[in-house]
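Which chain is which? The protein sequence lines are A and B, in order.
When you line the first sequence up against my numbering, it's residues 1 to 113, in that order.
When you line the second sequence up against my numbering, it's residues 114 to 228, in that order.
All C-beta atoms, glycine included, are put in the ideal place defined by N, C-alpha and C.
Structure record follows, encoded as structure tokens.
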Amino acid sequence: SQQGEEDPQALSIQEGENATMNCSYKTSINNLQWYRQNSGRGLVHLILIRSNEREKHSGRLRVTLDTSKKSSSLLITASRAADTASYFCATVPNTGGGNKLTFGTGTQLKVEL
Amino acid sequence: GAGVSQTPSNKVTEKGKYVELRCDPISGHTALYWYRQSLGQGPEFLIYFQGTGAADDSGLPNDRFFAVRPEGSVSTLKIQRTERGDSAVYLCASSPLGTEQTEAFFGQGTRLTVV
Numbered sequence: 001s002q003q004g005e006e007d008p009q010a011l012s013i014q015e016g017e018n019a020t021m022n023c024s025y026k027t028s029i030n031n032l033q034w035y036r037q038n039s040g041r042g043l044v045h046l047i048l049i050r051s052n053e054r055e056k057h058s059g060r061l062r063v064t065l066d067t068s069k070k071s072s073s074l075l076i077t078a079s080r081a082a083d084t085a086s087y088f089c090a091t092v093p094n095t096g097g098g099n100k101l102t103f104g105t106g107t108q109l110k111v112e113l
Numbered sequence: 114g115a116g117v118s119q120t121p122s123n124k125v126t127e128k129g130k131y132v133e134l135r136c137d138p139i140s141g142h143t144a145l146y147w148y149r150q151s152l153g154q155g156p157e158f159l160i161y162f163q164g165t166g167a168a169d170d171s172g173l174p175n176d177r178f179f180a181v182r183p184e185g186s187v188s189t190l191k192i193q194r195t196e197r198g199d200s201a202v203y204l205c206a207s208s209p210l211g212t213e214q215t216e217a218f219f220g221q222g223t224r225l226t227v228v
């Protein structure tokens with residue numbers, strides 16, 4: 001089953017603009033991760049934020065986590081056409097079950113030239 | 114090998130047939146995961162191995178699905194009496210340890226089509 005929703009389902013922006021995607025989840029988590037997927041095949045890990053962290057940066061990526069609202073956001077700054085992909089948040093439960101990921105429904109990002 | 118390898122990349126089979134999907138994880142990774150992704154959805158967890166044993170198989174949809182990892186490296190996902198609803202991309206991932214605080218490395222997936 002899916003953990004929660006991502007918002008928006010689809011996002012179309014111009015190159016150079018910022019893209020913000022939101023993720024909501026339902027249960028207590030150990031950490032939340034963001035993945036990118038091109039063409040419906042392999043996923044690539046982008047960033048991991050722990051439940052005791054509120055914000056994390058990696059290059060042009062900024063992730064926030066609000067455990068009280070059970071939500072996270074991914075900001076991609078100065079977007080490029082190559083950022084066009086689907087983006088998924090995934091949570092890891094706080095139950096000692098390894099790195100078992102529960103994914104959201106994803107946001108399809110299109111960056112146009 | 115540099116990454117997680119899955120074979121075949123595409124598989125078309127007839128309803129009712131048996132299929133095997135193979136995953137070769139990154140060398141040295143003790144944890145291995147199988148996920149299934151239907152069109153327009155996020156991946157859904159199927160099963161997790163820590164070493165040779167299935168630590169969590171709660172995501173397997175029914176007893177037609179079975180997975181093994183006999184030597185703690187390569188894993189095979191087996192589907193008996195395939196149904197059209199089994200059509201999806203099957204993704205395998207591995208991570209160095211079975212702890213929560215690590216990223217997962219995904220293969221390119223096997224696209225299974227049941228006709």
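Scanning its chain for C-beta atoms nearer than 7 Å, with the 5 sequence neighbours on each side dropped, one finds around H45/A the residues Q33 and Y35, in chain order. Residue pairing from DSSP places I76/A in a beta bridge opposite A19/A and L61/A. Proximity to G220/B across V132/B, R149/B, T165/B and E127/B peaks at R149/B, based on C-alpha coordinates. Around T102/A, the beta-carbon contacts reaching into chain B at under 8 Å are F158. Considering only G153/B, L159/B, Q163/B and V187/B, the residue with the shortest C-alpha distance to D176/B is L159/B. Three or more Cβ pairs drawn from the region 37-53 of chain A and the region 79-91 of chain A lie within less than 8 Å of each other, which places the two stretches in contact. In the three-state reduction of the DSSP assignment, A167/B falls in the strand class. Against D170/B, chain A offers no close residue; the least beta-carbon distance is about 11 Å (beta-carbon pairs closer than 7 Å).
The shortest CA-to-CA distance from V227/B to any of G172/B, G185/B, F218/B and T195/B is the one to T195/B. Put simply, the region 101-111 of chain A does not touch the region 174-193 of chain B. Fewer than three CB pairs are less than 8 Å apart. The region 134-221 of chain B contains, as complete beta strand (DSSP E) runs of 3+ residues, the segments 144-150, 157-163, 166-169, 178-181, 188-192 and 201-208 (chain order).
Nearest CB-CB separation between G185/B and chain A: not below the 8 Å threshold.
N18/A is a Cβ neighbour of T77/A, given a cutoff of 8 Å. According to the DSSP assignment, K110/A belongs to the beta strand (DSSP E) that extends over T107 to E112.
Contact between the region 127-147 of chain B and the region 51-69 of chain A is absent, with fewer than three C-beta pairs closer than 8 Å. Under the Cβ criterion of 8 Å, F219/B is counted among the residues facing chain A. Taking a beta-carbon distance threshold of 8 Å, E196/B does not count as an interface residue toward chain A. Taking a 10 Å sphere around the C-beta of S12/A, we find fewer than 16 other C-beta atoms and assign the residue as exposed.
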